[in-house]
Amino acid sequence: MRKSFLAENPSVLWFIAILAVFTLVVTLLSEVTGVGLISTSFVKTLGKTLCLCLVAIAMDVVWGYCGILSLGHFAFFGIGGYAIGMWLMYARTEGIVIESFAGQPIPPTPQEVSDAIGNQIFGVVGSSEFPLIWGFADSLFLQLLMVVLVPGLLALVFGWLAFRSRVTGVYLSILTQAMTLALALYLFQNDSGLRGNNGLSGLQNIPGFEDASQASISIVFFIASAVALAAGYVFFAWIVSGKMGSVIKGIRDNEARVRFLGYHVESYKLFVFTTTAVVAGIAGALYYPQAGIINPGEIAPIASIYLAVWVAIGGRGRLYGAVIGAAFVSLLSSWFTGGGAPDINLGFYVIQWTDWWLVLLGFSFVAVTLFFPKGIGGLFDLLVRKQS
Amino acid sequence: MLRLLSLALSMCLILPASLQAQTLQDILQTHQDEVLSPGRQSVGVVLDDLVASGLPQALPFLEAWRDREIVQRDSDGLFFRAIEEDDAITLVDLDTGTTITVANDDGLTEARPNGGVRRAIGDALVQFQLSDPDITKRQAAVDAIARSMDASQLGPLQASIAGEPDPSLKDTKERLAGMLAVLFGETQEVRIAAIAGMADDLSVDVRAVLNTVLSTQPQVAVALPDDANVAQVLTIGADLTAQEAYDRLVAAELAPALVTSAQIRDALVANIEGGMVGGVPVSALNTDAARAEAYDALAGQGLVAPRVTPEAQEAAIAAHVFYLQYDEPDPVITDAAEQALAAVETRVAVSQGIDLGLDALSLASIYFLAAIGLAITFGVMGVINMAHGEFIMMGAYTGFVVQQFVPDYTLSIIIALPLAFAITFGAGVAMERLVIRHLYHRPLETLLATFGISIALQQLAKNIFGTQARPLTSPEWLDGALVFNDVIAISYIRIAIFVLALLFLGLILFVLKRTRLGLEVRAVTQNPGMAASMGINPDKINMLTFGLGSGIAGIAGVAIGLYAKVTSEMGADYIVQSFMTVVVGGVGNVWGTLAGASLIGFLQKGIEWLNPSNTLAAQTYMILFIILFIQFRPKGIVALKGRAAAD
């Protein structure tokens, strides 16, 4: 089975080859090699886009293949970001605090160090106590475990509750959206223990690599994101191929029939929901060190809906479609909203794309849903059909 | 006291008009000596006459007299108000206000009332203000007393009650006099009677007065004193922590202060000698235990004050008794106040419960209005309309635009309601024809397509109307609130929204149950295929239903805009709650939506009441509750039965 997997799915090899070439080109043209054609900030943008592609393929698997329109996967993405952000912020603050104690006549006690770190981190929300959830923040290993465990467990519990009581279709979508909203509202509180709407910041500084330049850090994260995307792509391509993939697609097309055939539908859905949530968390953990800051606004329900929009525009039910959609729409979006697009002067009115981009996106999304249900990925079908 | 009473009586008996011939100067001339050098006894006669005269100029005279600005001209014995300037003195005639300027104070004798007399004058002034013919001045005087209560005000206030012509101000005065009597009554009986009179008043100021009587001070002593009016003896552990108890001992100078870790640190830093402190190397001072050891060593050398050991702390705490002592020394009065306060608080709690119920009811009616349109489209067509919130927003902006052209608020609302319905009805029909019709049987894609419309509409509104909130002003007759008592009050806008919600409930029930359209809508809901074969055109019904649901959202938008601000994001604020309402209530049923809205409204208010400081947390808990609720009743409170219930 595994031997024939890649042979049966030539698109996986194609994808990895393209991704590898892309990564190599970007690395060679970046500031690290001295060429400098691609600026550090653009390398970060590309690295972030790769992470968004990763969460988009997770979304594609759960929605495009399994038929669960989850409006909560960006929340898992955010949780991953928070988990790694806690360690980044703690370790960096600890370094600064210990440095400041070095000039003192007597060495600090552990309590004094912890108080000083707490003051640094939670001063903005009027507190200096470490909340319980920061208990593992001093250990990179444990926080990396959290990146996987917290989204995974949340998805497991939520999915178990939802699938067990046969909540399906739009009800499930609304329910996942409610979960996302609850999480975002919780994080917005100052006493949530995660600095309220200030969020976690300074994440672009990696503790232990204070001397490394942002240019090299950004390239390392870019390559790591590419590797994660490739691994995620292979993993999900493997999952959705073969017998298990058939069951998952069967659930999408007719859940009741698959159940009547004797499959335990709930377990399959729970597996897909949880695995994709874990991958979303990993993508978030790679994304936010490149973004430098995470706050509850990132988790708001709208973000998860945009995720669905990317996948729909790229083309559901094919992994490269999700990648194309996420890359295309998110890059286009930052081009338009960042003021890159030229304003259109109609004579009586000037269309400023910072204002009108969302209108365009909204309506083009409607158009894609109505006229191109297969999305941009559907164009490949036309190409393939012509050749054959 | 008696004098003031008689004074007040004379005030209201004598008609001011009959005394117009008399001038202030005449009265003063008859009491020359008393004005010039009044004694505490003799001043009463002058005050009585002044009050009895009812002259308007008596009030400024009293103020000037109290402030030592009255002088007598020695040549003719006339009194003036003297205003000293840089190098001259201006004499103001007390009756006419004409001024004479003199170079210096030769030939003038200053009236010098002493402290006691000035207090008496002050009382008379209050008396004057409280009995002023102008009601706004009387009101101002009463307000001033209520702001800063003082024992001296009780007499004048009580004296002025009998002569008060305005019934509502008289009530206020009586209440205020009661509160003053509670605090400053002369005898125990007077105060207890006053306290008893407060037991059926719910206002915040009455509770504040009772709490003032019951105010306590934390005390600490070796043994409980016999003469103190003790409110409560505090037990360590339950009422206060050992740490707090010891801090109190330190504050009362009954125990030595603890040496804080910062002090230890400073002491150690100050005593570093050759890399060692008290025999401990500096590099080892990175734990509290090592620091304590070094500090104890320093203390042993007599360099620093010794630490207070935990045993000594415990012993010091055990040797003392901690208690709360009433500021009021009389236990009979504090007992009476305790009882009265308990009675008041029970009634306040009941009233608050009712008030909370009213709040919840009005919130429920807002949710009902926001969600009922959604429930109709969702229930009949199985279509989730994510742009529903934007229809609410469109309705609100319609109201705003109408108000720009029609300045009369009542008229503009009357125009805005049907106009909002028409506009959102049209938008809904257009959306159904252009988008939703092509996506039937693909509910998830409908959800996303309508979401795309929602993004676009929201941004459009932002581009047209800007990001700042726009006001939708309610007509004047909707301002204010219906006040039942000091606790229970509900604003008229909320009542109007409640009435509107009831109206729509009735209207929708009527349309669905009693009209041909309703019959066809119900038929399509239950079985579209069978309905079509019976000659009903499901396309038309779907279009009309969608338009109806959207139109109701528009009207809800006007109503919500009246009580909240109109912004481009207002729809998004209500959309999740609306979905919750529909899902919790049960799809496709008006009563279900009503039940869902009530549940969510009451739940949200209930959680806010339990945790009033944090509305974000309240919303979080509510959503979690709803997620759990769906686990147990996935089809909502009112579930459809039979074939219609199938997905």
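As they're listed, the protein sequences go chains C and E.
With positions in the first sequence counted from 1, the corresponding number in the numbering used here is that position plus 134.
At position 232 of the second sequence the residue is numbered 222 (the numbering used here), and the sequence of numbers has no breaks.
From the three backbone atoms N, C-alpha and C, an ideal C-beta is built for every residue, glycine too.
Since the model is a prediction, treat every value here as computed from it, not as a measurement.
In the structure shown, what three-state DSSP assignment does residue i receive?
i, result
"A101 (chain E)", "coil"
"A209 (chain C)", "helix"
"V352 (chain C)", "Correcting the residue identity first, residue 352 (chain C) is Ser in this sequence and not Val. In the structure shown, S352 (chain C) sits in a helix (DSSP, three-state: H, G or I)."
"Y316 (chain E)", "strand"
"G511 (chain C)", "coil"
"T463 (chain E)", "coil"
"F176 (chain C)", "helix"
"V281 (chain C)", "helix"
"A131 (chain E)", "helix"
"P423 (chain C)", "helix"
"V338 (chain E)", "helix"
"W372 (chain C)", "helix"
"R623 (chain E)", "coil"
"G269 (chain E)", "coil"
"F69 (chain E)", "strand"
"P144 (chain C)", "helix"
"D217 (chain E)", "coil"
"Q62 (chain E)", "strand"
"I202 (chain C)", "coil"
"E263 (chain E)", "strand"
"E165 (chain C)", "coil"
"V249 (chain E)", "coil"
Is residue i near residue j, with beta carbons less than 8 Å apart?
i, j, result
"V107 (chain E)", "V33 (chain E)", "yes"
"F235 (chain C)", "S248 (chain C)", "no"
"N324 (chain C)", "P430 (chain C)", "no"
"L120 (chain E)", "D64 (chain E)", "no"
"G575 (chain E)", "V628 (chain E)", "yes"
"I185 (chain E)", "V172 (chain E)", "yes"
"M421 (chain E)", "G547 (chain E)", "no"
"L203 (chain C)", "L434 (chain E)", "yes"
"A608 (chain E)", "E598 (chain E)", "yes"
"L204 (chain E)", "E335 (chain E)", "no"
"D523 (chain C)", "Y224 (chain C)", "No information on residue 523 (chain C) is available, as it lies outside the stretch 135 to 522 that chain C covers here."
"S568 (chain E)", "A350 (chain E)", "no"
"V75 (chain C)", "I478 (chain C)", "Chain C is shown from 135 up to 522; residue 75 (chain C) falls before or after that span and cannot be answered."
"L288 (chain E)", "L275 (chain E)", "no"
"A386 (chain E)", "G551 (chain E)", "yes"
"T161 (chain C)", "I353 (chain C)", "yes"
"D85 (chain E)", "L14 (chain E)", "yes"
"S273 (chain E)", "P241 (chain C)", "yes"
"G511 (chain C)", "G449 (chain C)", "yes"
"A414 (chain C)", "G214 (chain C)", "yes"
Every unbroken beta strand (DSSP E) inside the stretch 340 to 428 of chain E [3 residues or more]: none
Inter-stretch contact (C-beta, 8 Å, three-pair minimum) for the stretch 457 to 467 of chain C and the stretch 172 to 191 of chain C: yes
Residues of the stretch 454 to 484 of chain C with Cβ closer than 9 Å to any Cβ of chain E, in chain order: none
Contact list for the stretch 423 to 438 of chain E against chain C, Cβ threshold 9 Å: L424, V425, H428, L429, R432, P433, L434, E435, T436, L437 and L438
The stretch 466 to 482 of chain E touching the stretch 529 to 537 of chain E, judged by at least three CB pairs closer than 8 Å: no
Every unbroken beta strand (DSSP E) within the stretch 567 to 611 of chain E, with a cutoff of 3 residues, ordered by chain: none
Contacting positions in the stretch 558 to 592 of chain E - beta carbon closer than 7 Å to chain C: V566, F569, M570 and V573
The stretch 448 to 456 of chain E / the stretch 543 to 558 of chain E touching (three or more Cβ pairs under 8 Å): yes
4-residue-minimum alpha helix (DSSP H) runs that sit fully inside the stretch 244 to 332 of chain C, ordered along the chain: 244 to 256, 274 to 298 and 303 to 322
Against chain E: residues of the stretch 287 to 314 of chain C by CB proximity under 9 Å: F292, L295, A296, R298, S299, R300, V301, T302, G303, V304, Y305, S307, I308, L309, Q311, A312 and M313
Entirely enclosed alpha helix (DSSP H) segments - the stretch 428 to 511 of chain C, minimum 4 residues: 435 to 448, 453 to 471 and 487 to 505
At least three beta-carbon pairs within less than 8 Å, the stretch 229 to 248 of chain E to the stretch 301 to 318 of chain E: yes
Chain C contacts made by the stretch 609 to 631 of chain E, where a contact means CB separation under 7 Å: Q609, T610, I613, L614, I616, I617, I620, Q621 and P624
Whole runs of the alpha helix (DSSP H) within the stretch 179 to 210 of chain E, excluding any shorter than 4 residues: 194 to 203
Three or more C-beta pairs below 8 Å linking the stretch 208 to 224 of chain C and the stretch 432 to 452 of chain C: yes
Proximal residues, the stretch 356 to 376 of chain C versus chain E, C-beta separation under 8 Å: none
Positions along the stretch 362 to 384 of chain E whose CB lies within less than 7 Å of some CB in chain C: I374
Residues within the stretch 394 to 408 of chain C neighbouring chain E, beta-carbon criterion of under 7 Å: none
Segment contact flag, the stretch 385 to 403 of chain C with the stretch 307 to 323 of chain C, C-beta cutoff 8 Å, min 3 pairs: no
contact_flag[the stretch 357 to 370 of chain C, the stretch 341 to 348 of chain C] where n(CB pairs < 8 Å) is 3 or more: no
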